[in-house]
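Sequential numbering from 0 applies to the sequence shown in numbering that gives the first Met the number 0. A quick write-up on the structure given underneath.
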Amino acid sequence: MSIKRLNKEYCCSPSAKQYAHVLYELGISKEAVGETEKLFKEVPVLEETFASPVVPMREKLSSIDKIFPEEIKNFLKVVCRNQRMSEISQILFAYDRYCKMQEGIQMATLTCVEAPDEKRLEKIREFLCEKYHKTDVKIEIVKDPALLGGFILKTGDDEYDWSLKGRLSRLEQKLTWR
0 MSIKRLNKEY CCSPSAKQYA HVLYELGISK EAVGETEKLF KEVPVLEETF
50 ASPVVPMREK LSSIDKIFPE EIKNFLKVVC RNQRMSEISQ ILFAYDRYCK
100 MQEGIQMATL TCVEAPDEKR LEKIREFLCE KYHKTDVKIE IVKDPALLGG
150 FILKTGDDEY DWSLKGRLSR LEQKLTWR
């Protein structure tokens, strides 16, 4: 097993994380944030339009007033004025993770060839709860046959590589290093 720091691209840009923290601190309801996220997912052209330098700012701000829940309009206008709407998906993703972190829930991504059974998942949850001093863990499972076997566990800025592909890669590095 190896542990390494992940690239910043893994989750979100530093500015997206900052906006997510501000969004959390503003105390905007999760329902309003969820509705906003749903709108951006259902109508992908929204993000492109708000991020476009061709669309006049007054039209963007007017559209925000017409489309989004009242609670979140001012936040979105600030993001828009600061020309960060191209990061809105990252901001909303980081917000969700930050909320879960504040609730004592550790987020993790398990990349594997085949989904593990419940017993193995429970052991992974126990490991993460103990390691990160959390009460619960939410694990997203991603299938990747290129791993050949084993799995990669990513949480926060840490990556635990127990995959066969990772082991072979480390073995190759050791054998070719002089």
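Just so you know, even glycine gets a beta-carbon here, dropped at the ideal spot from N, CA and C.
Beta-carbon separation (whole angstroms), Gln105 vs Val136, contact threshold 8 angstroms: So it is a contact: roughly 5 angstroms between Cβ atoms.
From Trp176, Ile138, Cys111, residue whose alpha carbon lies closest to that of Glu121: Looking only at Trp176, Ile138, Cys111, the smallest Cα-Cα distance to Glu121 is reached by Ile138.
Spatial distance of Ile87 from Tyr131 (CA atoms): So the two alpha carbons sit approximately 28 angstroms from each other.
Alpha-carbon to alpha-carbon, Gly103 and Thr134: CA-to-CA, the gap between Thr134 and Gly103 works out to about 6 angstroms.
Given Pro55 as reference, the closest of Thr110, Arg80, Pro68, Ala114 once Cα atoms are compared: Cα-wise, what sits closest to Pro55 is Arg80.
Which of helix, strand or coil DSSP assigns to Gln101: Gln101 sits in a helix when the DSSP states are folded into three classes.
Exposure of Gly33, with buried meaning 16 or more beta-carbon neighbours within 10 Å: If you draw a 10 Å sphere on the C-beta of Gly33, you find fewer than 16 other C-beta atoms in it, and that means exposed.
Glu113 in three-state terms, based on DSSP: Coil, per DSSP.
Opposing strand residues paired with Ile140 [DSSP bridges]: As a beta-bridge residue in DSSP terms, Ile140 pairs with Leu109.
Among Val53, Glu41, Glu46, Leu170, the one whose alpha carbon lies nearest that of Gln89: Just measuring C-alpha positions, the residue of Val53, Glu41, Glu46, Leu170 sitting nearest Gln89 is Glu46.
DSSP-derived helix/strand/coil call for Thr154: DSSP places Thr154 in strand when its eight states are reduced to three.
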